[in-house]
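Residue numbers (the UniProt record's numbering): 1 to 306.
Even glycine gets a Cβ: it sits at the ideal position worked out from N, Cα and C.
Structure, as structure tokens:
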Amino acid sequence: MAGVGTAAVAAWVPCRSWGWASVSFGPHRGLSALLARKPQRAPRWLPAFRQKTLFSFLNRPDLPKLAYKRLKGKSPGIIFIPGYRSNMNGTKALAIEEFCKSLGHAYIRFDYSGVGSSDGNLQESTVGKWRKDVLSIIDDLAVGPQILVGASLGGWLMLHAAIARPEKVVALIGVATAADNIVTQFNQLPVELKKEVEMKGVWSMPSKYFEEGFDHMQYSFIKEAEHHCLLHSPIPVNCPIRLLHGMKDDIVPWHTSMQVADRVVSTDVDVILRKHSDHRMKEKADIQLLVYTIDDLIDKLSTIVN
Numbered sequence: 001m002a003g004v005g006t007a008a009v010a011a012w013v014p015c016r017s018w019g020w021a022s023v024s025f026g027p028h029r030g031l032s033a034l035l036a037r038k039p040q041r042a043p044r045w046l047p048a049f050r051q052k053t054l055f056s057f058l059n060r061p062d063l064p065k066l067a068y069k070r071l072k073g074k075s076p077g078i079i080f081i082p083g084y085r086s087n088m089n090g091t092k093a094l095a096i097e098e099f100c101k102s103l104g105h106a107y108i109r110f111d112y113s114g115v116g117s118s119d120g121n122l123q124e125s126t127v128g129k130w131r132k133d134v135l136s137i138i139d140d141l142a143v144g145p146q147i148l149v150g151a152s153l154g155g156w157l158m159l160h161a162a163i164a165r166p167e168k169v170v171a172l173i174g175v176a177t178a179a180d181n182i183v184t185q186f187n188q189l190p191v192e193l194k195k196e197v198e199m200k201g202v203w204s205m206p207s208k209y210f211e212e213g214f215d216h217m218q219y220s221f222i223k224e225a226e227h228h229c230l231l232h233s234p235i236p237v238n239c240p241i242r243l244l245h246g247m248k249d250d251i252v253p254w255h256t257s258m259q260v261a262d263r264v265v266s267t268d269v270d271v272i273l274r275k276h277s278d279h280r281m282k283e284k285a286d287i288q289l290l291v292y293t294i295d296d297l298i299d300k301l302s303t304i305v306n
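Printed below as a string of structure tokens:
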């Protein structure tokens, strides 16, 4: 694979019981150690999430207020960055919160401007504005080093945050990382359809994740997103990175995570593929893999510090 040095040969590590395989880029204590971990630290399953919870607002001069929920605790802290139009009350966000409670680690989940309980207008939202939201959470709320967990579009934004705040972002976990995906999908459309979208100002994409069966995306949103594409050149992120992806993902192809692994300059990168998982990766085994991955990175970072 281009961009991977001879000292960082990819090695597949299959696991029959979990149904996933990993590709390791770089010499480091990888997922073989994760498989041998003592399971009692990670909850077996977390079905009883409390949906009703008190949240706070982050006030920002001249920018929409952001709704968030924060747990105080040990470092490194964890920040969950949601997917496109997703809020902070999703399965993964709540599962990570319960996991952080069990370990006593700091944790933040939040809503983008224009989404969920945050202020702002969704129709005016852009990738650039949501990038600012993530940086506001890191700058104004997070204390000490942080592990960012980004889902889908949140995985794209976590890369931007790691580039912008290298002194504070110490590790990344992407779940179905959608780097450049909106722009890539649009560019793959036939010329006639692209012209039609430009003329109408809206791209109506069939999607099973929306009630009416379509996601209506503003053409202006797509054009603004072009300014934030990363896969065309090396991505200057040096921290440990774990990229989880379902091979049944019909929104973001799992090859995107392989592209991210190839482009980041970090040599400590694992791509973990689940054969039967879809885009949301919210099934029991998916969540278990996610929290074990967080746990493994916490241990790794603690070892480095000590």
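- Message: With a threshold of 6 Å on Cβ separation, who are the neighbours of Gly114 within its own chain once the five nearest residues in sequence on each side are excluded?
- Response: Indexing the sequence shown from 1 puts residue 114 at position 114. Only Gly120, Asn121, Leu122 and Ser125 meet the Cβ criterion.
- Write down the C-beta distance between Lys194 and Phe186 rounded to the nearest angstrom, noting that I regard them as a contact closer than 8 Å. Within the sequence shown, numbered from 1, the residue matching residue 194 stands at position 194. Within the sequence shown, numbered from 1, the residue matching residue 186 stands at position 186. Indeed, because the Cβ distance is near 7 Å, the residues count as touching under 8 Å.
- Message: Quick check: the Cα distance between Gly144 and Glu97, rounded to an integer number of angstroms?
- Response: Residue mapping note: residue 144 aligns to position 144 of the sequence shown, counting from 1. Residue mapping note: residue 97 aligns to position 97 of the sequence shown, counting from 1. Roughly 18 Å between the two C-alpha positions.
- Under the three-state DSSP convention, the category His245 falls into: Walking along the sequence shown from the start, residue 245 turns up at place 245. In the structure shown, the three-state DSSP call for His245 is strand.
- Pull up the distance between the alpha-carbon of Lys129 and that of Leu230, whole angstroms please. On the sequence shown, residue 129 is found 129 positions in, with the first residue counted as 1. On the sequence shown, residue 230 is found 230 positions in, with the first residue counted as 1. Straight-line measurement puts the Cα of Leu230 at about 17 Å from the Cα of Lys129.
- Task: Would you kindly report the start and end of the unbroken alpha helix (DSSP H) that includes Ile272?
- Result: Indexing the sequence shown from 1 puts residue 272 at position 272. From DSSP, Ile272 is part of no alpha helix (DSSP H) but of the beta strand (DSSP E) over Val269 to Arg274.
- Message: Suppose only complete runs of 4+ residues qualify. What are the alpha helix (DSSP H) ranges in the UniProt domain "AB hydrolase-1" (79-179), listed by chain order?
- Response: Whole alpha helix (DSSP H) segments, 4+ residues: 91-103, 127-140 and 153-164.
- Query: Taking C-beta to C-beta, are Ala171 and Ala151 nearer than 9 Å?
  - Reply: Taking the sequence shown and counting its residues from 1, one reaches residue 171 at position 171. Taking the sequence shown and counting its residues from 1, one reaches residue 151 at position 151. Ala171 is not a Cβ neighbour of Ala151, given a cutoff of 9 Å.
- Query: Does the distance from the C-beta atom of Lys74 to that of Leu94 stay below 9 Å?
  - Reply: Locating residue 74 in the sequence shown gives position 74, where the first residue counts as 1. Locating residue 94 in the sequence shown gives position 94, where the first residue counts as 1. The Cβ-Cβ distance between Lys74 and Leu94 does not fall below 9 Å.
- Of the residues Asp180, Asn238, Val252 and Ser207, which one's Cα is nearest the Cα of Lys223? Locating residue 223 in the sequence shown gives position 223, where the first residue counts as 1. The candidate whose alpha carbon is nearest that of Lys223 is Asp180.
- Quick one: Cα of Arg274 to Cα of Gly116, how far? If you number the sequence shown from 1, residue 274 lands on position 274. If you number the sequence shown from 1, residue 116 lands on position 116. Cα to Cα, Arg274 sits roughly 29 Å from Gly116.
- Just the C-alpha distance for Ala225 and Val183, rounded to the nearest angstrom, thanks. Position 225 of the sequence shown, counted from the start, is the residue given in the question as residue 225. Position 183 of the sequence shown, counted from the start, is the residue given in the question as residue 183. Taking the straight line from one Cα to the other gives about 7 Å.
- Message: Which residue wins for smallest C-alpha separation from Ala161, given the options Asp249, Asp296, Lys132 and Leu58?
- Response: What you label residue 161 is simply residue 161 of the sequence shown in a count that begins at 1. Closest in alpha carbon position to Ala161, among Asp249, Asp296, Lys132 and Leu58, is Lys132.
- Between the Cα of Ile298 and the Cα atoms of Arg263, Ser233, Glu283 and Leu148, which residue gives the shortest distance? In the sequence shown, the residue the question calls residue 298 occupies position 298. Across the set Arg263, Ser233, Glu283 and Leu148, the C-alpha of Leu148 shows the shortest separation from the C-alpha of Ile298.
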